[in-house]
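Chains as they are written, first to last, in this note's numbering: chain R, 66 to 679; chain W, 4 to 368.
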């Protein structure tokens, strides 16, 4: 039985003598919790303008506003989020999706203002607006507004562990370094369907990558198609801008991955491997793409060089209905890509797959044809309506140090091993250079050593002028080379090749590098001549850079070619050189010498050639 | 005597919330009551069809201001079931503790409303203050005071901050130390007893027939609680009792609420003791590429008002195809209220309504 009473309630009288719990606002303020979801701040330095916050906002309170005065940076948009506090519900979804973690919620929650427009504002932070953010002792609630905020007052902030995106990549299966260095097997095995879909699902579709890609591929579209398990659709999207996906899926410089939002605090999306997945999954490009050459225009174009630039220009022009002939000295397509990247990075079948598809569109390939010997350049000029030069950098440079003639040249070494007669290699090889070609050469040499001297102790050393932090090779290449126990000697320059009494290579004498670049950032190495080091080796390969070979162009024409200060062929906005109807692209035009830049040039030149005809 | 038709609400001092009842009265005796919902229809279920799976979280909690957390839980559980997302063990404990805090907060809010309605302003103020202490805990844990948006598919949004366990214990001790005062001043108060006893009586059979749930059903003697029948979160990990009364009147109902609060406090202590270490969140898929397979599901939980259910249908897209909430106040407010009001006096309409724990936003959505 419940004992209820009429007297007991009077016990509550004791509360009359207890201090009231009510807070005497505004004289007494309540301190918000550490995670409080108050007003937004945005670090403009970190913000990339990706717009994910605006996309996820359930109330459309965030809009991306173009900021004109913002300095343009590659892989960023000149936009910053604008908040509308008439709509914002302070749920913090924008915080949890922000890839750089620049957007934060503070513990500030007072906003007093006569102007309702002030509820719509572009958040900045205390570093950018120091006079608006006051230390606690100067802060007053009576003046509190979006322009009168407390300093160091972060509340709900981004945490990678609880973020709405996945910062980690799907691990790419690779063959272990100990095993892969014994043969030329392609060590990156490629994604399976499930792995590719999972990786593709990480993409936030902010399209920063498309801006950064020289050829402006529709990356988020083709990644989305992979996520939806429509590889054909994905391939069609890729072919709109890039006709060599099997090649680019393996050896692209992947500018996209350098700017990927996910890469800011985590690992960038594997855009390159996903492209490779599409190119490898689809066995028959013809039926997947359903592309047809355009209606014949009767115009004829000669393309010199079947490298990435030449292949792309041929493809784009063929789609416009022109007749294209591609000349190349090699036995197959690919140009430098065919001879340079070793088989373990880029198998010949992948190159042929892309080339064969372009051939199937009706592009005529004349391989094993050397311009200047088999066919004269002047004849091409007379016979064709336009000529595209995509000849690339095909000759290795030499260090010209003492006894350098005893050294091998990297491009020759790589070419012979890949498509010619395999070289004999020594047990202790020195590679001079710190770029991608040097590392390709070193890793190739290591594999050949293991094949030619099985079971014996072999070693490959590299010598580069640049120190670790300025080495031009990609991080991935350096990491993989180190995994394979290639010895690095950064910040050392070659001085002399030392020979033994029989005139064979005994080693390389090196000198310490003082600096590689001068104050203007130009390449001008200086050395401590007295600090020397001797590296033993029975074979030395020089991989310090390449030069183009223009010897096929007759002198009277070559004189008319204009070059820039950096010894690059000058082209106009249509891709045309200083000689009428001769167009150019790729390594001979660009500072960045890689496949995707050549494709970008090819796009420009093919549009230019088309316009030139009309 | 002549029968009059009296419109009670929505503009009536005695009405709680945007709700209306049409009363047929003879003198001040109610002959017949007809509930008129519809003043608070905001179209939440339709709105949910136009937002992506993740964008619905800030929305679902707003369906009922007194009960945001159970709404979140329902939606998260349904999405987890449709998308096949696992929840880490620690997150289950965090959810249970969080939901029990929410239950206490909601009951204190209800107690405020009830005490206020009956004129027990002292108790009402205590209840409001104690609820505020719980809101402080929520602020500490989630960053929000009322709408927390804390439970997500795959767990919860953040782990306990440093020292949060002690804060929960301290707060609950503060509130618990006032239970004798509450009892003396309200629950055991003879005046309250007189006001509530034999008011709005529902028999066990009526309750079952009309679909009563929660306190209304438990006050008629039935041990019914979804946390026991179909345990979710970590409710099967600790021992606890279902408080029951047998009379089925307003007095019993409010006593069930009181006992339930105390039981919840004990449960939180047990859960805190047993809580394992580990992760509290399994990553959900990228919200911009989150399509849930073509499926439908029904999930239910014991909210502070009784059984709350969600029927969620996906047609394989990035948004729900249909969402429908089965809310406890729907039955209580439309059928049981009409029955409970029969033969009562006009002065007791608010009394009965609050004792049935009816909130208008749950009826209309």
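Quick reminder that beta carbons are idealized off the backbone N, C-alpha and C, glycines included.
Among the CB atoms of chain W, none fall inside 8 angstroms of the CB of residue 504 (chain R). CA-CA distance, residue 284 (chain W) to residue 154 (chain W), rounds to 10 angstroms. A buried status is given to residue 351 (chain W), since no fewer than 16 other beta-carbon atoms sit within 10 Å of its beta-carbon.
Excluding sequence positions up to five before and after residue 300 (chain W), its CB lies within less than 6 angstroms of the CB of 81, 84, 85 and 315, all in the same chain and listed in chain order. At a beta-carbon threshold of 8 angstroms, the residues of chain W lying near residue 267 (chain R) are 289, ordered along the chain. Against chain R, the CB of residue 58 (chain W) has a partner CB under 8 angstroms away; the residue lies at that interface. Shown here, residue 247 (chain W) sits in coil according to DSSP, grouped into three states, outside any helix or strand.
Here the alpha carbons of residue 625 (chain R) and residue 290 (chain R) stand approximately 48 angstroms from one another. Between residue 177 (chain R) and residue 210 (chain R), the C-beta spacing is below 8 angstroms. Secondary structure in the region 110–160 of chain R: the alpha helix (DSSP H) runs of 4 residues or longer, each lying completely within the stretch, are 117–121 in chain order. Pairing residue 565 (chain R) with residue 243 (chain R), the inter-Cα distance amounts to about 33 angstroms. Within a 10 Å sphere around the beta-carbon of residue 435 (chain R) sit fewer than 16 other beta-carbons, which makes this residue exposed.
As the crow flies, the alpha-carbon of residue 253 (chain W) is around 6 angstroms from that of residue 203 (chain W).
Between residue 117 (chain W) and residue 257 (chain W), the CB-CB gap stays under 8 angstroms. A direct Cα-to-Cα measurement between residue 599 (chain R) and residue 578 (chain R) gives close to 14 angstroms. Remark: fewer than three beta-carbon pairs, one from each stretch, lie closer than 8 angstroms, so the region 288–302 of chain R and the region 312–330 of chain R are not flagged as touching. For the pair residue 160 (chain W) and residue 218 (chain R), the CB atoms are not nearer than the 8 angstroms cut-off. Contact between residue 493 (chain R) and residue 524 (chain R) holds: CB atoms are separated by about 5 angstroms, below the 8 angstroms threshold.
Look at residue 147 (chain W): its C-beta is under 8 angstroms from a C-beta on chain R. For residue 323 (chain W), the beta-bridge partners assigned by DSSP are W:317. Membership of residue 507 (chain R) in the alpha helix (DSSP H) is indicated by the continuous run 501–517. Note on residue 281 (chain W): under 16 other CB atoms within 10 angstroms of its CB, so exposed under the neighbour-count rule. The residue among W:238, W:207, W:158 and W:321 with its C-alpha nearest the C-alpha of residue 342 (chain W) is W:207. Among the CB atoms of chain W, none fall inside 8 angstroms of the CB of residue 290 (chain R). Listed along chain W, the residues sitting closer than 9 angstroms to residue 71 (chain R) by beta-carbon distance are 192, 193 and 194. At a C-beta separation below 9 angstroms, residue 231 (chain R) has these neighbours in chain W: 286, 288 and 289. Per DSSP, the unbroken alpha helix (DSSP H) holding residue 540 (chain R) starts and ends at 540–548.
Residue pairing by DSSP places residue 292 (chain R) in no beta bridge whatsoever.
Listed along the chain, the chain W residues whose CB falls inside 7 angstroms of the CB of residue 270 (chain R) are 291. Close CB contacts of residue 35 (chain W) within its chain, under the 6 angstroms cut and outside five residues either way in sequence, are with 27 (chain order). Counting along the chain, residue 593 (chain R) sits inside the beta strand (DSSP E) bounded by residues 588–601. Look at the region 96–113 of chain R: the residues with a C-beta under 9 angstroms from a C-beta of chain W are 97, 98, 99, 100, 101, 102 and 103. In the DSSP assignment, residue 355 (chain R) falls outside any beta strand (DSSP E) and carries neither an H nor an E. Not flagged as an interface residue toward chain W: residue 181 (chain R), since no C-beta distance is shorter than 8 angstroms. Flagged as an interface residue toward chain R: residue 184 (chain W), by a C-beta distance shorter than 8 angstroms.
For the set R:271, R:615, R:342 and R:199, the Cα lying nearest the Cα of residue 190 (chain R) is the one of R:199.
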